[in-house]
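When the letters of the sequence shown are read in order and numbered with the numbering used here, they come out as residues 1203 to 1401. For every residue, glycine included, the Cβ atom is placed at its ideal position computed from N, Cα and C.
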Amino acid sequence: MTERTNVRIHATADVAADAVIGPGTSIWNQAQVRERARIGAECIIGKNVYVDAGVTIGDRCKVQNNVSLYHGVTVEDGVFIGPHVCFTNDRLPRAVNADGSLKSDDDWEVGPIVVRRGAALGANSTILPGVTIGAWAMVGSGSVVTRNVADHELVVGNPARRLGTACTCGQAMRDTADGDPFRGPCPSCGTQLPVEAGA
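Here it is in structure tokens:
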């Protein structure tokens, strides 16, 4: 059993004995954290969240209700994951093999997903295997992410496509009608983003 300091785990949560949970983290009701999962310090893991075996979540992340993080997912520090977000991990999903036998762990290849520091994923978004979401990027609610998302990039839709740039403060700035990225300082906080941000 792993020692856990200053961790709040709801009585109805199911947390594997060998899962590593950082100090100050709260895991709410009906959540399940599988074996070898690693959750950093000061995280909030909402109601009915599923954290699969071997998943890594960094420090100070917020994982809202009903999120599914399947094997192969790595989430860096300070990431926001909205309600009902689903991380998939199999590009060729089948319940059975060609001969009709039930697929086992040896019959497929994990498609890893990485979410970089400070990114935000809107409610009901779906992230496909093999994708990296850049630092401070923002994924609009209901989007289906099928390709990598650049740092500070704002993407929306199905499949998710570039709409603009996202500031570290969360302010979204749309590209021009000609498709050029926003170039000025953030209208909300005044931060000047690098010219290449999200472009």
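Assign residue 1356 to one of two classes, buried (16 or more other C-beta atoms within 10 Å of its C-beta) or exposed (fewer than that).
With 16 or more other Cβ atoms from the protein chains shown falling within 10 Å of its own Cβ, residue 1356 counts as buried.
Using CA coordinates, which residue listed in 1244, 1226, 1225 and 1220 is at the minimum distance from residue 1234?
If you compare the alpha carbons of 1244, 1226, 1225 and 1220 with that of residue 1234, the shortest gap goes to 1220.
Just to confirm, is the Cβ distance from residue 1360 to residue 1334 under 8 Å?
Annotated as distal: residue 1360 and residue 1334, with beta-carbon spacing of 8 Å or more.
Buried/exposed call for residue 1393, threshold 16 Cβ in 10 Å
Exposed: under 16 other Cβ atoms inside 10 Å.
Three-state secondary structure assigned by DSSP to residue 1301:
Of the three classes helix, strand and coil, the one that applies to residue 1301 here is coil, per DSSP.
Contact set for residue 1287: own chain, Cβ-Cβ below 6 Å, skip 5 residues either direction:
Around residue 1287, the same chain offers 1269, 1323 and 1327 as residues with beta carbons nearer than 6 Å, after the five sequence neighbours per side are excluded.
Rounding to the nearest angstrom, what Cα-Cα distance links residue 1347 and residue 1374 in this structure?
Residue 1347 and residue 1374 have their C-alpha atoms spaced approximately 18 Å apart.
Proximity winner among 1341, 1230 and 1381, relative to residue 1372 (alpha-carbon distances):
With distances taken between Cα atoms, residue 1372 lies closest to 1341.
Would you kindly work out how many angstroms separate the C-alpha atoms of residue 1240 and residue 1379, rounded to a whole number?
If you take the alpha carbons of residue 1240 and residue 1379, they lie about 43 Å apart.
Tell me whether residue 1353 sits in a helix, a strand or coil according to DSSP, three-state version.
The answer is coil: DSSP assigns residue 1353 none of H, G, I, E or B.
Cβ atoms of residue 1329 and residue 1367: under 8 Å apart, would you say?
No. Outside cutoff.
Check each candidate in 1300, 1217, 1310 and 1262 and name the one with the smallest Cα separation from residue 1254.
Ranking 1300, 1217, 1310 and 1262 by Cα distance to residue 1254 puts 1217 first.
Where do the ends of the beta strand (DSSP E) carrying residue 1316 lie?
Where residue 1316 is concerned, the enclosing beta strand (DSSP E) stretches over 1315-1317.
Assigned exposure category for residue 1395 - 16 Cβ within 10 Å defines buried
Label assigned to residue 1395: buried.
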